[in-house]
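Notes follow the structure.
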Amino acid sequence: MRAPTPEIDARGVAASTLHGIGMMLLAIAIFGFVNAFSKAILATYPPTEALFIRGFAAMAVLIPFIARDNWAALRTIQRPKLQVIRAILSGSDAVMFFIAIRYIPLADATTCYLAAPIFVTALSAIFLKEPVGWRRWSAVVIGFIGVLIALRPTSASFSWPAVVALCGCFCQSIFMLITRKVRGTDSTFLSLTQVIASFAIGASASTVFWVPPTWTIVGLLLISGVVNVIGVFCLNRALTLAPASVVAPYQYTIIIWAVLLGYLAFGDVPSLSTLLGAVIVTGAGLYIFFRERSLLRREPQPNPPPV
Numbered sequence: 006m007r008a009p010t011p012e013i014d015a016r017g018v019a020a021s022t023l024h025g026i027g028m029m030l031l032a033i034a035i036f037g038f039v040n041a042f043s044k045a046i047l048a049t050y051p052p053t054e055a056l057f058i059r060g061f062a063a064m065a066v067l068i069p070f071i072a073r074d075n076w077a078a079l080r081t082i083q084r085p086k087l088q089v090i091r092a093i094l095s096g097s098d099a100v101m102f103f104i105a106i107r108y109i110p111l112a113d114a115t116t117c118y119l120a121a122p123i124f125v126t127a128l129s130a131i132f133l134k135e136p137v138g139w140r141r142w143s144a145v146v147i148g149f150i151g152v153l154i155a156l157r158p159t160s161a162s163f164s165w166p167a168v169v170a171l172c173g174c175f176c177q178s179i180f181m182l183i184t185r186k187v188r189g190t191d192s193t194f195l196s197l198t199q200v201i202a203s204f205a206i207g208a209s210a211s212t213v214f215w216v217p218p219t220w221t222i223v224g225l226l227l228i229s230g231v232v233n234v235i236g237v238f239c240l241n242r243a244l245t246l247a248p249a250s251v252v253a254p255y256q257y258t259i260i261i262w263a264v265l266l267g268y269l270a271f272g273d274v275p276s277l278s279t280l281l282g283a284v285i286v287t288g289a290g291l292y293i294f295f296r297e298r299s300l301l302r303r304e305p306q307p308n309p310p311p312v
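Basically our numbering = 1-based index in the sequence shown + 5.
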């Protein structure tokens with residue numbers, strides 16, 4: 006068989022990369038619609054109840070995948086304490102996000118959560134002692150200023166749900182930091198632990214905060230849980246088809262969906278300060294991302310072993 010030419014290889018890589026970008030854009034669009042749907046449901050039903058029902062559907066989808074391919078991984082869980090903390094943070098983050106979008110526009114809450122990668126940079130320098138130069142520290146400060154501009158803490162529009170969104174962003178930042186420490190763990194298993202945590206928190210709180218839902222609402226929430234899992238699979242597929250350094254920046258398109266769906270579904274017109282803050286946070290996050298990628302490329306690569 007004739008070996009493929011470099012030109013054919015290059016076309017294959019380019020096609021795979023474009024496919025990966027498309028899957029990332031699809032995943033983010035799915036998350037945007039799920040968030041908008043959740044906000045509509047949360048106008049009537051408690052956040053924990055929505056998480057409970059949605060988490061049940063997500064577990065029903067994920068557990069068969071674990072049972073089929075990755076059951077042995079459950080017996081050899083690496084760093085179980087970190088896994089538990091990570092799952093609790095994920096569940097807490099989900100609850101706080103639901104509480105936030107129940108009371109404030111999608112664009113405002115999403116802008117807060119866009120700052121999570123920025124806070125990860127600061128936390129990694131403080132707690133993990135990772136070297137962070139003045140350029141990235143400047144981007145961290147600018148990103149934090151962007152959050153303040155978006156939320157307007159000195160104005161009458163600033164409220165406790167905005168504080169909840171910031172707390173959720175902080176939980177997500179620590180969650181992302183711990184995820185770095187558990188690299189190598191099966192991605193389906195990681196997704197399952199997140200879903201179980203959300204389900205457990207929602208179930209426990211629903212014993213107190215429970216509004217009897219109609220069967221239509223139950224069905225819609227179950228569908229929402231399945232669709233959200235599809236989004237997670239699209240995200241994982243994107244990272245399989247293309248390098249993370251290529252597809253990761255497209256996650257910031259979530260703010261476009263938040264603004265668009267917030268306006269179309271709820272009539273929320275984002276203020277100039279929200280839009281400006283979102284642009285600043287996105288710019289700071291992208292700068293940190295590309296700066297870190299540039300530094301990784303400069304690191305000396307290990308010499309291959311002699312043949």
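We treat Cβ as the ideally placed atom computed from N, Cα and C, and that holds for glycine. Remember, predicted model here, so these are calculated numbers, not experimental data.
Other residues of its chain near residue i: CB distance less than 6 angstroms, five sequence neighbours each side excluded
i	result
SER21	LEU246
ILE46	ALA55
ALA19	none
MET29	ALA243, VAL252, TYR255
Sequence-distant residues of the same chain with beta carbon closer than 8 angstroms to residue i, five excluded per side
i	result
GLY282	THR116, GLY151, VAL152, LEU153, ILE154, ALA155, LEU156
The alpha helix (DSSP H) enclosing residue i, as first and last residue numbers
i	result
TRP215	Here TRP215 belongs to no alpha helix (DSSP H), and DSSP marks it neither H nor E.
ARG84	No alpha helix (DSSP H) holds ARG84; DSSP gives it neither H nor E.
ALA120	Looking at the DSSP string, ALA120 is not in any alpha helix (DSSP H), and its letter there is neither H nor E.
TYR268	259-271
SER178	165-186
GLY236	220-246
ALA253	Run containing ALA253: none; DSSP gives neither H nor E here.
Sequence-distant residues of the same chain with beta carbon closer than 7 angstroms to residue i, five excluded per side
i	result
ALA114	PHE102, ALA105, ILE106, ALA170
LEU23	none
SER178	ALA121, PHE124, VAL125, LEU128
LEU300	none
ILE93	ALA202
VAL200	GLY60, ALA63, MET64, LEU67
ASP98	GLY173, CYS176, GLN177, PHE180
Whether residue i touches residue j by CB criterion (9 angstroms)
i	j	result
PRO275	ALA112	yes
GLY207	PHE57	yes
LYS86	PHE271	no
PHE214	THR53	yes
THR49	VAL216	yes
TRP220	ASN40	no
Min CB distance residue i to chain C below 9 angstroms
i	result
LYS186	Of the protein chains in the structure, only one exists, and it is not chain C.
Heavy atom of the ligand GDP within 8 angstroms of residue i beta-carbon
i	result
SER95	The ligand GDP is not part of the structure shown, which contains no ligands of any sort.
Three-pair Cβ contact test at 8 angstroms for the stretch 228-237 versus the stretch 63-71: For the pair of segments examined, the stretch 228-237 was found to touch the stretch 63-71: the number of CB pairs separated by less than 8 angstroms reaches three.
Does the stretch 124-137 touch the stretch 199-216, meaning 3 or more C-beta pairs lie closer than 8 angstroms? By the Cβ criterion, the stretch 199-216 is not in contact with the stretch 124-137, since fewer than three pairs of Cβ atoms, one from each stretch, lie closer than 8 angstroms.
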